[in-house]
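Listed in order, the protein sequences are those of chains A and B.
Throughout, this note's numbering is defined as the position within the first sequence, counted from one, plus 416.
Throughout, this note's numbering is defined as the position within the second sequence, counted from one, plus 416.
One structure is given here, and the rest of the page talks about it.
Protein chains: 2
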Amino acid sequence: MVREITDIARTHLAREGAAGLSLRAIAREMGMASSAIHRYFPTKDDLLTALIIDGYTALGEAAEASQRAGDPPAERWLALCHAVRDFAVARPHEYALLYGSPVPGYQAPADTVAPALRTTLVCGRIISDARPTPPDLAPPPPAAIGPDIEAIRAVMPGVSDDAVTRAVTAWTALFGAVSFELFGQFDNTITHRREFFDHGMRSLARYLGL
Amino acid sequence: MVREITDIARTHLAREGAAGLSLRAIAREMGMASSAIHRYFPTKDDLLTALIIDGYTALGEAAEASQRAGDPPAERWLALCHAVRDFAVARPHEYALLYGSPVPGYQAPADTVAPALRTTLVCGRIISDARPTPPDLAPPPPAAIGPDIEAIRAVMPGVSDDAVTRAVTAWTALFGAVSFELFGQFDNTITHRREFFDHGMRSLARYLGL
DNA sequence: CAGAAAAGAGAGCAGTGCTCTTGACGAGCG
DNA sequence: CGCTCGTCAAGAGCACTGCTCTCTTTTCTG
């Protein structure tokens, strides 16, 4: 029952986006009274939460599936990048739900952070396996962010301070690139999206020292 | 009249976000009938467009104001980054309107692209003035994206192919970092937001060859 | 088989964007 | 001067939303 609701919700989401999501419309499509649906999802936010968790999980699985154990780190990084982008291109509204502006009034509950971490962990593993020693002269991180670096190192053990901060920067660049493409910032500018993205991510691999 | 409406709309936007924006609420606050407001903004999308254009303009002005002519490129880049971030932190909902997920059903009209370009131009000028020759061995861009690079070079004349693509990547990293911070992706992870951002952008300056 | 618990239906409230019709007001023109 | 015409605003109304409350039906359990 819950599954059927989220499935229909996902099709609505794919067709019209998050704001076009309507509990009443879902109930109508199920031949149900509009009030009955509140028994399964008391509030619209609860439905959104379910969709978000499912989305993070699907993305995390795609990210994991992109990894082949023996591959060199640079290739694994590239595969991860394309997995994220492919997911976003295939299900743009779902991606927007995860990484776009938060739905106003909606506060993500704690249940979402574990699934959200899953994709990040794939990245962390790549860096951790590679133990990169980036080639050049990055400025040393200021003392203030030491604890933050330490916390992030939890997902990429054994990695140097410099490599940790570079990983975070590359990580934001990845999602920045995907978001820009999806949210129309590249309209009338970049036509060969996939190739451009691929090149940018290769460049970042060097930046990462992979 | 139009100005008064947009001003009130901006305060509502700042308080409750884009989805909390209600034409009726604005009319109510103005002591106006709800229907009268449609004379000035026939549709809610028209109001949004006005807010978006204003937002891009304000951000563009802040970006321009951050630049001091004599400064070295790396410092100008850093100043630009902080201008963008400061804007986003001060007016998160407005930033979300510009760079977050597009409001569903809303199609940005052509009037928005010129103001949107303004901030980008500041970045282009920095790169163009610096004419960086990035230190290391980036892979050569594939032939397919040649025309795209050519188009982007319009905002940073005289810059090498490699530097152009790096600039785009750094540009997406900048907005990726700001969006991650604003949209909650750094919650429970990074505490010293400003310092971390600053360090990342310095690192990107090296990546850019500044 | 009877009673309790769960599931659904229906009406209703307050709110939304938007349209249509109606009424006031003032400027331009014969 | 009087008359028309365009602008501005108001009001009612439509279709829709999330959500609550009450009431009935179904289903499971002891």
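Built from N, CA and C at the ideal position, the CB exists for glycine as well.
Treat the numbers as computed from the prediction; the structure is a model and nothing was measured.
Asked, Found
"Neighbourhood of I568 (chain A) by C-beta distance below 6 Å, restricted to the same chain and skipping five residues each side", "V580"
"Under the three-state DSSP convention, the category G592 (chain A) falls into", "helix"
"Under 9 Å between C-beta atoms of L624 (chain A) and P488 (chain A)", "no"
"Length of the line joining the Cα atoms of E420 (chain B) and L598 (chain B)", "28 Å"
"CB contact below 9 Å: E611 (chain A) versus chain B", "yes"
"Chain A within 9 Å of V519 (chain B), Cβ atoms only", "yes"
"6 Å Cβ shell around A466 (chain A) - same chain, five flanking residues per side excluded", "T422"
"For H615 (chain A), the first and last residue of its enclosing alpha helix (DSSP H)", "609 to 624"
"Sequence-distant residues of its chain with Cβ nearer than 6 Å to F596 (chain B) (five each side left out)", "F602"
"Length-filtered (4 minimum) alpha helix (DSSP H) runs lying within the region 434 to 474 of chain A", "439 to 445"
"Segment contact flag, the region 531 to 548 of chain A with the region 464 to 479 of chain A, C-beta cutoff 8 Å, min 3 pairs", "yes"
"Where V631 (chain A) meets chain B, residues with beta-carbon distance less than 7 Å", "In the structure as shown, chain A starts at 417 and stops at 626, and residue 631 (chain A) therefore has no counterpart that could be examined."
"is_contact[Y381 (chain A), chain B] using C-beta, thresh 9 Å", "Look at the range of chain A in this structure, 417 to 626, and you will see that residue 381 (chain A) is not part of it."
"Any chain B beta carbon closer than 9 Å to Y456 (chain A)", "no"
"Rounded separation between G524 (chain A) and T605 (chain B) - CA only", "According to the sequence provided, residue 524 (chain A) is Ala. The question's Gly does not apply to it. Those two C-alpha atoms are separated by around 15 Å."
"8 Å Cβ cut-off: residues of chain B touching I469 (chain A)", "Those within 8 Å of I469 (chain A) in chain B number zero; the least Cβ separation is about 15 Å."
"Span of the alpha helix (DSSP H) around T528 (chain B)", "Note, T528 (chain B): premise wrong, no alpha helix (DSSP H); not H, not E."
"Environment of E510 (chain B) [buried if 16+ CB atoms lie within 10 Å]", "buried"
"7 Å CB neighbourhood of A485 (chain B) in its chain, flanking five on each side removed", "none"
"Other residues of its chain near L514 (chain A): CB distance less than 8 Å, five sequence neighbours each side excluded", "I468, G471, Y472, L475, A532"
"From B:R547, B:A583, B:R610, residue whose alpha carbon lies closest to that of A560 (chain A)", "B:R610"
"S544 (chain A) in three-state terms, based on DSSP", "helix"
"Span of the alpha helix (DSSP H) around L563 (chain B)", "Correcting the residue identity first, residue 563 (chain B) is Pro in this sequence and not Leu. Element bounds for P563 (chain B): 562 to 568."
"Cβ pair count under 8 Å reaching 3, the region 583 to 593 of chain B against the region 580 to 593 of chain A", "yes"
"At least 3 beta-carbon pairs within less than 8 Å: the region 426 to 440 of chain A vs the region 495 to 505 of chain A", "no"
"Cα-Cα separation between E480 (chain A) and P555 (chain A), rounded to whole angstroms", "33 Å"
"Beta-carbon spacing of P557 (chain B), H615 (chain A) below 9 Å", "yes"
"DSSP-derived helix/strand/coil call for A554 (chain A)", "coil"
"Same chain, Cβ closer than 8 Å to G433 (chain B), five either side skipped, listed in chain order", "H509, A512"
"Inter-residue Cα distance where the pair is G516 (chain A) and A452 (chain B)", "33 Å"
"Alpha-carbon to alpha-carbon, P518 (chain A) and E445 (chain B)", "26 Å"
"Length of the line joining the Cα atoms of A621 (chain B) and W493 (chain B)", "7 Å"
"Any chain B beta carbon closer than 9 Å to V505 (chain A)", "no"
"Range of the contiguous alpha helix (DSSP H) that encloses F382 (chain A)", "What is shown of chain A runs 417 to 626, which leaves residue 382 (chain A) out entirely."
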